[in-house]
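Participant: The structure under discussion is supplied below as structure tokens; questions concerning it will follow.
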């Protein structure tokens, strides 16, 4: 279950947590807990010759707290932890199905909003990908530091802010929740 949720606990909101709220969460979860942030929203993305709805998922370096991206054995990724590479390079991760629907190959350039991203090697499975849920559009992952450059978050944007929490082994997730 941890691998499907990618954390022991998850907080979700339609606005970013304030500094005070983040501090309260850290105090309740405990000093040995680890945190990961994610911002997700839907937008139109033009790849190749067509524009399609896509879910943009901006992740931090700690994502996922449980589970991992699974890549084909012949993938040549510069970093052992792909989320770390997304923080440093303006790249996107996606499934082969998503890439095919946009007519993309690794190394291609994909404009998202006002920024351009390089398509990284495709993953075979994403963290939490075993969780059956309704997806309105394919996911495209990018690093949180590059989200602002895309210029897509504005007044009225419908955004989901998530904070994933990994608790120490001895902690009770039910009690902390």
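Residue numbers (my numbering): 0 to 176.
Even for Gly, the Cβ is constructed at its ideal location relative to N, Cα and C.
1. In the DSSP assignment, what are the bridge partners of residue 34?
2. Report yes or no: do the stretch 158 to 173 and the stretch 7 to 25 share at least 3 C-beta pairs separated by less than 8 Å?
3. List the whole-angstrom C-beta distance separating residue 39 from residue 136, where the pair is believed to meet the contact cut-off of C-beta under 8 Å.
4. Only counting the same chain, and skipping five residues up and downstream in sequence, which positions put a Cβ closer than 6 Å to that of residue 95?
5. Just curious, the alpha helix (DSSP H) that residue 9 is in, first and last residue?
6. How many angstroms separate the CA atom of residue 15 from the CA atom of residue 88?
7. How is residue 124 classed by DSSP in three states: helix, strand or coil?
8. I need the straight-line Cα distance from residue 155 to residue 66, nearest angstrom please.
9. Applying the 10 Å Cβ sphere with the 16-neighbour rule, what's the burial state of residue 19?
10. Once you ignore the five residues that flank residue 25 on each side, which residues in its own chain have a CB closer than 8 Å to its CB?
11. Which whole-angstrom value is the C-beta distance of residue 91 and residue 140, which I expect to be below 8 Å?
12. Using a Cβ-Cβ cut-off of 9 Å, state whether residue 103 counts as contacting chain D.
13. Going by C-alpha to C-alpha distance, which of 147, 71, 41 sits closest to residue 125?
14. Residue 105 to residue 41, Cα distance in whole Å?
Facilitator: Straight from the coordinates:
1. For this step, residue 34 is matched to residue 35 along the chain shown. Answer by DSSP bridge pairing, in chain order: 164.
2. Enough Cβ pairs lie closer than 8 Å, so yes.
3. What you label residue 39 is simply residue 40 of the chain shown in a count that begins at 1. What you label residue 136 is simply residue 137 of the chain shown in a count that begins at 1. Cβ-Cβ separation between residue 39 and residue 136: approximately 11 Å, too far for a contact (criterion under 8 Å).
4. Position 96 of the chain shown, counted from the start, is the residue given in the question as residue 95. Answer for residue 95: 121, listed in chain order.
5. Indexing the chain shown from 1 puts residue 9 at position 10. Counted as a single uninterrupted DSSP element, the stretch harbouring residue 9 is not any alpha helix (DSSP H) but the beta strand (DSSP E) occupying residues 8 to 12.
6. Indexing the chain shown from 1 puts residue 15 at position 16. Indexing the chain shown from 1 puts residue 88 at position 89. The C-alpha of residue 15 lies about 24 Å from the C-alpha of residue 88.
7. Stepping through the chain shown from its first residue, residue 124 is reached at position 125. When secondary structure is reduced to three states using DSSP, residue 124 falls in the strand class.
8. Along the chain shown, one-based indexing puts residue 155 at 156. Along the chain shown, one-based indexing puts residue 66 at 67. Here the C-alpha atom of residue 155 lies approximately 33 Å from the C-alpha atom of residue 66.
9. Locating residue 19 in the chain shown gives position 20, where the first residue counts as 1. With a threshold of 16 other beta carbon atoms within 10 Å, residue 19 falls short and is exposed.
10. On the chain shown, position 26 is the one that residue 25 refers to. So the qualifying residues of the chain are 32, 34.
11. Numbered from its first residue, the chain shown carries residue 91 at position 92. Numbered from its first residue, the chain shown carries residue 140 at position 141. Going by Cβ atoms, the distance from residue 91 to residue 140 rounds to 6 Å, so yes, they are a contact pair.
12. You won't find chain D in this structure, because it holds only one protein chain.
13. On the chain shown, residue 125 is found 126 positions in, with the first residue counted as 1. Comparing Cα-Cα distances from residue 125 to each of 147, 71, 41, the minimum goes to 71.
14. Translated into positions along the chain shown, residue 105 becomes position 106. Translated into positions along the chain shown, residue 41 becomes position 42. Roughly 22 Å between the two C-alpha positions.
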